[in-house]
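Q:
2 protein chains.
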Amino acid sequence: MFFMDLQKLREKAIQTVKAKLRQSVKEDVLIVQVVSGLEELDKVLNLLSKRLREWYELYNPEPSRMLTDHEMFANQILTKSKKDLLREFKIHDSMGAELSKKDVDAILNLANQLKTTFEYKHSQELYLESLMKSLCPNTTAVAGVQIGAKLISLAGSLDRLSSFPASTVQLLGAEKALFRHLKNKRNLPPKYGILHEHVLVNKVSMNNRGRMARTLADKISIAAKIDFFKGKYIGDLLLKQVEKKAGELR
Amino acid sequence: MFFMDLQKLREKAIQTVKAKLRQSVKEDVLIVQVVSGLEELDKVLNLLSKRLREWYELYNPEPSRMLTDHEMFANQILTKSKKDLLREFKIHDSMGAELSKKDVDAILNLANQLKTTFEYKHSQELYLESLMKSLCPNTTAVAGVQIGAKLISLAGSLDRLSSFPASTVQLLGAEKALFRHLKNKRNLPPKYGILHEHVLVNKVSMNNRGRMARTLADKISIAAKIDFFKGKYIGDLLLKQVEKKAGELR
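So the protein sequences, as listed, match chains H and A.
Be aware that the first sequence starts at 1, since it is given in my numbering, and climbs by one per residue.
Be aware that the second sequence starts at 1001, since it is given in my numbering, and climbs by one per residue.
1. How many angstroms separate the CA atom of H:D84 from the CA atom of A:H1070?
2. With DSSP as the reference, label H:V25 as helix, strand or coil.
3. Could you run through the region 1186-1210 of chain A and flag, in chain order, every residue whose CB is less than 7 Å away from some CB of chain H?
4. Against A:M1095, what residues of chain H qualify as contacts under a CB-to-CB distance less than 7 Å, listed in chain order?
5. In chain order, which alpha helix (DSSP H) runs of at least 4 residues are fully inside the region 1007-1073 of chain A?
6. So, for A:L1200: in the same chain, excluding its five sequence neighbours on each side, which residues have a beta-carbon less than 8 Å away from its beta-carbon?
7. Sorted by chain position, which residues of the same chain lie with C-beta nearer than 8 Å to A:V1034's C-beta, five sequence neighbours on each side aside?
8. If distances are taken between C-alpha atoms only, which option among A:S1221, A:A1223, A:I1222, A:R1209 comes closest to A:E1248?
9. Name the chain A residues whose beta carbon is nearer than 8 Å to that of H:Q113?
10. Our contact map puts A:V1032 next to A:S1153 with C-beta atoms below 8 Å; I'd like the distance itself, whole angstroms only.
11. Against chain H, which members of the region 1137-1148 of chain A pass a CB distance test of less than 8 Å?
12. At a CB-CB cut-off below 8 Å, which residues of chain H make contact with A:R1051?
13. Could you name the residues of the same chain whose beta carbon sits closer than 7 Å to that of H:E57, not counting the 5 residues immediately before and after it, in chain order?
14. Determine, using beta carbons only, whether A:K1110 and A:L1052 come nearer to each other than 7 Å.
15. Might you give, ordered along the chain, the residues of its own chain that have their beta carbon closer than 6 Å to the beta carbon of A:Y1233, omitting 5 neighbours on each side?
16. My assumption, with CB atoms under 8 Å, is that A:L1041 sits in contact with A:A1074. Please give the rounded CB distance.
17. Output the residue ranges of the alpha helix (DSSP H) runs that lie fully inside the region 199-243 of chain H and measure 4 residues or longer, sorted by chain position.
18. Among A:S1167, A:L1067, A:K1230, which has the Cα closest to the Cα of A:I1220?
19. From the DSSP output, in three-state form, read off A:Y1192 for me.
20. Report the rounded CA-to-CA distance for H:R10 versus H:A19, giving the unit in angstroms.
21. Please classify A:I1107: is it buried, with 16 or more other beta-carbons within 10 angstroms of its beta-carbon, or exposed?
22. Which same chain residues, not among the five before or five after A:V1025, have their C-beta less than 7 Å away from its C-beta?
23. Would you kindly report the start and end of the unbroken alpha helix (DSSP H) that includes A:K1083?
24. What residues from chain A crowd round H:D103, counting only those whose CB sits closer than 7 Å?
25. Any heavy atom of the ligand SAH within a distance shorter than 6 Å of the CB on H:F73?
26. Quick check on the burial criterion: 16 or more other C-beta atoms within 10 angstroms. Buried or exposed for H:G156?
27. Is A:A1106 close to chain H, meaning its C-beta is less than 7 Å from at least one C-beta of that chain?
28. Which of the three DSSP states is assigned to H:E197 in this structure?
29. Whole angstroms are fine: how far does the CA of H:P165 sit from the CA of H:N202?
30. Considering H:F164, what are the terminal residues of the alpha helix (DSSP H) in which it resides?
31. So, for H:S94: in the same chain, excluding its five sequence neighbours on each side, which residues have a beta-carbon less than 7 Å away from its beta-carbon?
32. Just to confirm, is the Cβ distance from H:I194 to H:G173 under 7 Å?
33. Between which residues of its own chain and A:A1097 is the CB-CB distance below 8 Å, once the five residues before and five after are set aside?
34. What are the residues of the region 1057-1087 of chain A that lie near chain H, defined by any Cβ-Cβ distance shorter than 7 Å?
35. Is there a C-beta anywhere in chain H that falls below 7 Å from the one on A:Y1127?
36. Would you say H:L9 reaches chain A, if we count a Cβ-Cβ gap shorter than 7 Å as a contact?
Spelled out as structure tokens, the structure:
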């Protein structure tokens, strides 16, 4: 009888844990996945693009040097023939080898693969935007989709991000530089982590970037708290305050 | 007058170099490109597969553990719903979260991307096979497509591979171990490089693998010389000799 009770208790405990696991997957977990996925995708795109260029340059080297954007390069060589491209860039005497159709097709096959990978990346970015706007509209308004998502990914969840003070938000992504500073006092402390990618931080002069990052972190910290507790949307107001500060600092 | 001559001479020299560059692209250059491309593609497939699994396991963890092959995994989740998969593996109480259709679609989007990348890899392998069979049928017969192509890639060209003695062919791909041995005599010299991937080397017992690799390298070296000088096809004969040796060694 006692054994039976233990058995039942065990089953009940397992069921409870399973239910809790099922409920633990919230939108910010998905955001973390998409952000890491996008970072890996950039590596993939780089690998494929470099290989495509090296390979295609055997066949037609000159246009490759002139089309610097990888995605445009793939699209151009897929839609235009070697002749067309050479005429377009006014090159009369190409150094490229003549390859058989089968060999060119193998190269264009890679270009096609690269093109679909770029398209996949764009679709993931749109998906990330829709996730961010539904989960944390305020943070997204102030920080932008990419930086907002990276902040959540660095913090681990929106819950944790909302519990951080502004000074922590300011330095998220600069942990290495921060601990280097704390270990040997010779290095200056970092002024910003992932926030250095933000348009407004890049807009002001070098001297004022630390101040700008601080203001931005202040407002992001407020926005994250509002989002976590499902408050009203005041993203536009917060963004206006940050932009005003950016205008003052220059 | 003298200036004009120099100008003409210069143009002539440039034209000659351009023509030589055009002719320098031979089939083994393409083989080197495809081999490096395939190696990078394996990295890409690994990155995408790991991300897909981590992401999909939030939704449906149990089947992912049971489908170990990445390509099959992607195909299965694309064609079957969560319910079908759970029924197939007889799991009644899944730990996976319920996701909205939009979130599941984003995951399946990645699965689709992974699937097309696998398909692209297979098409590249077929292309490599056709290149190898037309450029060096003898080497391909003895070493196989993959190992033959890797040997050419390691040597740099069929020209160089054909000029190597058998002992060098045997150790291609084991340069690190070889120089470690030459530097401090404590380490034993390597017995084989890339040839350790060959079926016949794997078939014989551990003690005999060095001998087997040596025989194989002998025949590959002969085959590469025949291929480079466009000799007759005796691949089947060479392969038979290697297989006989493998039967003797066990």
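For glycine and all other residues, C-beta sits at the position ideal for the given N, C-alpha and C.
A: If we stick to the structure as given:
1. Here residue 84 of chain H corresponds to residue number 84 of the first sequence, with the count starting at 1. Here residue 1070 of chain A corresponds to residue number 70 of the second sequence, with the count starting at 1. Rounded to the nearest angstrom, the two C-alpha atoms are 41 Å apart.
2. Position 25 of the first sequence, counted from the first residue, corresponds to residue 25 of chain H. Here H:V25 sits in coil by DSSP.
3. none
4. On the second sequence, residue 1095 of chain A is found 95 positions in, with the first residue counted as 1. Under the 7 Å cutoff, chain H gives K18, L21, R22.
5. 1027-1059, 1061-1066
6. Position 200 of the second sequence holds residue 1200 of chain A. Excluding sequence neighbours, A:L1200 sits near M1212, L1216, V1242, E1243, A1246.
7. On the second sequence, residue 1034 of chain A is found 34 positions in, with the first residue counted as 1. If we look at A:V1034 and ignore the five residues flanking it on each side, its Cβ neighbours are Q1124, Y1127, L1128, L1131, A1149.
8. On the second sequence, position 248 is the one that residue 1248 of chain A refers to. Of the candidates A:S1221, A:A1223, A:I1222, A:R1209, the one whose C-alpha sits nearest the C-alpha of A:E1248 is A:R1209.
9. Indexing the first sequence from 1 puts residue 113 of chain H at position 113. Within chain A, the residues near H:Q113 are T1116, T1117, Y1120.
10. The residue given as residue 1032 of chain A occupies position 32 in the second sequence. The residue given as residue 1153 of chain A occupies position 153 in the second sequence. Yes, A:V1032 and A:S1153 are in contact; Cβ-Cβ is about 5 Å, under 8 Å.
11. Listed in sequence order: no entries.
12. As a working mapping, residue 1051 of chain A is identified with position 51 in the second sequence. Going along chain H in sequence order, the residues near A:R1051 (Cβ under 8 Å) are Q33, S36, G37, E40.
13. In the first sequence, the residue the question calls residue 57 of chain H occupies position 57. Its chain contains S64 as the residues whose beta carbon lies nearer than 7 Å to that of H:E57, once the 5 sequence neighbours on both sides are disregarded; these appear in chain order.
14. Numbered from its first residue, the second sequence carries residue 1110 of chain A at position 110. Numbered from its first residue, the second sequence carries residue 1052 of chain A at position 52. For the sequence presented, residue 1110 of chain A should be read as Leu rather than Lys. Yes.
15. Here residue 1233 of chain A refers to the residue found at position 233 when the second sequence is read from its first residue. Excluding positions up to five away in sequence, the list reads P1137.
16. Translated into positions along the second sequence, residue 1041 of chain A becomes position 41. Translated into positions along the second sequence, residue 1074 of chain A becomes position 74. In this structure A:L1041 does not touch A:A1074 by the C-beta definition: roughly 15 Å separates them, more than the 8 Å allowed.
17. 199-203, 209-228
18. Counted from its first residue, the second sequence places residue 1220 of chain A at position 220. Nearest option by C-alpha distance: A:S1167.
19. Stepping through the second sequence from its first residue, residue 1192 of chain A is reached at position 192. In the structure shown, the three-state DSSP call for A:Y1192 is coil.
20. The residue you call residue 10 of chain H lines up with position 10 of the first sequence. The residue you call residue 19 of chain H lines up with position 19 of the first sequence. H:R10 and H:A19: Cα-Cα distance of roughly 14 Å.
21. Here residue 1107 of chain A is taken as the residue at index 107 of the second sequence, counted from 1. A:I1107 comes out buried.
22. Numbered from its first residue, the second sequence carries residue 1025 of chain A at position 25. Closer than 7 Å at the Cβ level, and outside the excluded window around A:V1025, lies no residue.
23. Sequence index remark: in the second sequence, residue 1083 of chain A carries index 83 (1-based). Per DSSP, A:K1083 belongs to the alpha helix (DSSP H) from 1082-1088.
24. Taking the first sequence and counting its residues from 1, one reaches residue 103 of chain H at position 103. Here the neighbours are L1030.
25. What this structure holds is no ligand at all, so the ligand SAH is not there to describe.
26. Here the question's residue 156 of chain H lines up with position 156 in the first sequence. Exposed, by the Cβ-count rule.
27. Residue numbering aside, residue 1106 of chain A sits at position 106 when the second sequence is read from its first letter. Residue-level contact by beta carbon holds for A:A1106 and chain H, with a gap shorter than 7 Å.
28. By one-based count along the first sequence, residue 197 of chain H stands at place 197. It is helical.
29. Reading the first sequence from its first residue, position 202 is the one you call residue 202 of chain H. Reading the first sequence from its first residue, position 165 is the one you call residue 165 of chain H. Answer to the nearest angstrom: the Cα atoms are 23 Å apart.
30. Locating residue 164 of chain H in the first sequence gives position 164, counting from the first residue. Bounds of any alpha helix (DSSP H) do not take in H:F164, whose DSSP letter is neither H nor E.
31. Here residue 94 of chain H corresponds to residue number 94 of the first sequence, with the count starting at 1. Same-chain partners within the cutoff: N60, E62, L86.
32. Residue mapping note: residue 194 of chain H aligns to position 194 of the first sequence, counting from 1. Residue mapping note: residue 173 of chain H aligns to position 173 of the first sequence, counting from 1. Result yes, Cβ atoms of H:I194 and H:G173 sit closer than 7 Å.
33. Counted from its first residue, the second sequence places residue 1097 of chain A at position 97. L1058, Y1059.
34. Residues passing the 7 Å Cβ filter: L1058.
35. Mapped onto the second sequence, residue 1127 of chain A falls at position 127. Output row for A:Y1127: interface = yes.
36. Stepping through the first sequence from its first residue, residue 9 of chain H is reached at position 9. Not an interface residue.
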